[in-house]
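Counting in UniProt numbering, the sequence shown runs from 1 upward without gaps.
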Amino acid sequence: MFILANQPSIANQFIAEMRDIRVQQDRMRFRENLKRLGSILAYEISKSFPYEEKEITSPLASSNTLLPSSQPVLIAVLRASLPFYNGFLSVFDQSESGFIGAFRKENTSDEIQINLGYHASPSLDGKIVILADPMLATGKSFLASIEKLLEHGTPSKIHIAAAFAAPEGIQYLQNHLKIPHQFWIGVVDEKLNAQSYIVPGLGDAGDLAFGPKL
Numbered sequence: 001m002f003i004l005a006n007q008p009s010i011a012n013q014f015i016a017e018m019r020d021i022r023v024q025q026d027r028m029r030f031r032e033n034l035k036r037l038g039s040i041l042a043y044e045i046s047k048s049f050p051y052e053e054k055e056i057t058s059p060l061a062s063s064n065t066l067l068p069s070s071q072p073v074l075i076a077v078l079r080a081s082l083p084f085y086n087g088f089l090s091v092f093d094q095s096e097s098g099f100i101g102a103f104r105k106e107n108t109s110d111e112i113q114i115n116l117g118y119h120a121s122p123s124l125d126g127k128i129v130i131l132a133d134p135m136l137a138t139g140k141s142f143l144a145s146i147e148k149l150l151e152h153g154t155p156s157k158i159h160i161a162a163a164f165a166a167p168e169g170i171q172y173l174q175n176h177l178k179i180p181h182q183f184w185i186g187v188v189d190e191k192l193n194a195q196s197y198i199v200p201g202l203g204d205a206g207d208l209a210f211g212p213k214l
């Protein structure tokens, strides 16, 4: 598991601004910081890919360069992940993309229910997949999204990318995922509260990026 905040870097400033209730009033800055984290995590994930040597010809001479053997498929979980996903797309700009609508249904019971709506994806058979969602709370929406995506084929590996995560959600996915996977997290927070929100977290990432929903 890779945790970006474990090593001091400028990313800590982006994370701090996303938490800060004063800075959160600036939606454009919130989206930009989320995109920045996506770009940084994309760069880190790229180090794990298979590479092959290719000859590149410049106007003056040729040189051999290690390039990715293939591009990953990027999956965005609507709507909160769109800025985060754009960070990944800015790095993997030749990648195919898929989209899935997943949200938790609020009810009076203690059970978290996940509703899946729109989904579209290229074939995932044998592909490297990056599933990007800024908040990994209970892990149930991630698992439901992955199970739905498997209808489009079996990836060689899924990289689970989140800006903020709770230990409970990470453990839940580790217990339930049966395919090769790896976690790439901006910061792992303390816990989930009684309403299954990440603490200290930042609130609702989708609302902070795009405004409250009805």
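From the three backbone atoms N, C-alpha and C, an ideal C-beta is built for every residue, glycine too.
Item: Would you give the residue range spanned by the alpha helix (DSSP H) that residue 95 belongs to?; Value: Unbroken run through residue 95: none, as it is neither H nor E.
Item: If you draw a straight line from the C-alpha of residue 204 to the C-alpha of residue 57, how long is it?; Value: 48 Å
Item: Give me the Cβ distance between residue 3 and residue 187, rounded to the nearest whole Å; I'm assuming they're in contact under 8 Å.; Value: 7 Å
Item: Ordered along the chain, which non-local residues of its own chain (more than five positions away) have a Cβ less than 6 Å from that of residue 41?; Value: 161, 184
Item: Could you give the DSSP three-state label for residue 144: helix, strand or coil?; Value: helix
Item: Can you give, in chain order, each stretch of the beta strand (DSSP E) that sits fully within the region 11-79 and has at least 3 residues?; Value: 51-57, 62-68, 73-78
Item: Beta-carbon within less than 6 Å of residue 118's beta-carbon, same chain only, minus the 5 sequence neighbours each way: which residues are those?; Value: 101
Item: With distance defined between alpha-carbon atoms, name the residue in 35, 70, 25 nearest to residue 53.; Value: 70
Item: Can you tell me the Cβ-Cβ gap for residue 28 and residue 202, rounded? I've got them flagged as a contact below 8 Å.; Value: That pair is no contact at about 16 Å.
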